[in-house]
Amino acid sequence: IPDNHVLVAFGVLLVGMITGIDGSGFAGLPLTGTLAGALGPVVGFDSATLAAVGQMGAVWTGGGTLIAWSSLIAVAGFARVPVLDAVRALLLPVLAGLFVSTICAMLIWH
1 IPDNHVLVAF
11 GVLLVGMITG
21 IDGSGFAGLP
31 LTGTLAGALG
41 PVVGFDSATL
51 AAVGQMGAVW
61 TGGGTLIAWS
71 SLIAVAGFAR
81 VPVLDAVRAL
91 LLPVLAGLFV
101 STICAMLIWH
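Numbers 1 to 110, taken from the working numbering, label the letters of the sequence shown in order.
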């Protein structure tokens with residue numbers, strides 16, 4: 001990863017999103033935290049903020065928002081909405097929120 005705080009922030013976000021695909025949303029937190037601790041000081045980025053960016057990617061992707069897993073299935077069943085329709089409806093707002101929150105983290109806490 002190049003010595004660039006923008007690429008590092010979005011790289012940690014992407015790693016968090018990939019680790020969240022398993023469905024739990026919390027399995028990737030040690031990896032994103034360790035990665036943030038290693039890369040944050042190198043690029044001059046606060047490690048805690050970088051870890052929070054990775055945590056957002058893991059939890060919002062795998063915690064039942066983008067991956068049709070436990071909580072999304074339960075909410076879709078309660079609302080009587082097909083699960084895949086809910087995932088399709090949530091995809092763009094969640095990705096936009098992750099993108100905007102990562103940019104805000106870079107601007108505010110860099």
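Even for Gly, the Cβ is constructed at its ideal location relative to N, Cα and C.
None of the values given here were measured: they were computed from a predicted structure.
Suppose you measure from the CA of residue i to the CA of residue j; what does that come to, to the nearest Å?
i   : j    : result
V87 : L35  : 29 Å
L98 : G54  : 10 Å
P41 : A52  : 15 Å
G33 : L50  : 8 Å
V6  : L92  : 21 Å
A74 : V100 : 28 Å
M56 : F26  : 10 Å
Determine, using beta carbons only, whether residue i and residue j come nearer to each other than 8 Å.
i   : j   : result
T19 : A58 : yes
V43 : V8  : yes
L29 : V15 : no
S83 : L72 : For clarity, residue 83 is Val in the given sequence; the question names Ser instead. It is a contact, given that the beta carbons lie within the stated cut-off.
G37 : S24 : no
V94 : W60 : yes
G62 : D3  : no
Run through DSSP, which three-state label would residue i get?
i   : result
V8  : helix
M88 : Residue identity check: residue 88 is Arg in the sequence provided, not Met. Of the three classes helix, strand and coil, the one that applies to R88 here is helix, per DSSP.
A52 : helix
P93 : helix
T65 : coil
G25 : coil
V81 : coil
Are there 16 or more other CB atoms within 10 angstroms of the CB of residue i, so buried, or fewer, so exposed?
i    : result
F45  : buried
W109 : exposed
L107 : exposed
F10  : buried
What span of residues does the alpha helix (DSSP H) with residue i cover, start to end?
i   : result
P41 : L29 to V43
Report yes or no: is there a C-beta of chain B within less than 8 Å of the C-beta of residue i?
i   : result
P30 : Annotation note: the requested chain B is absent from the structure, which comprises a single protein chain.
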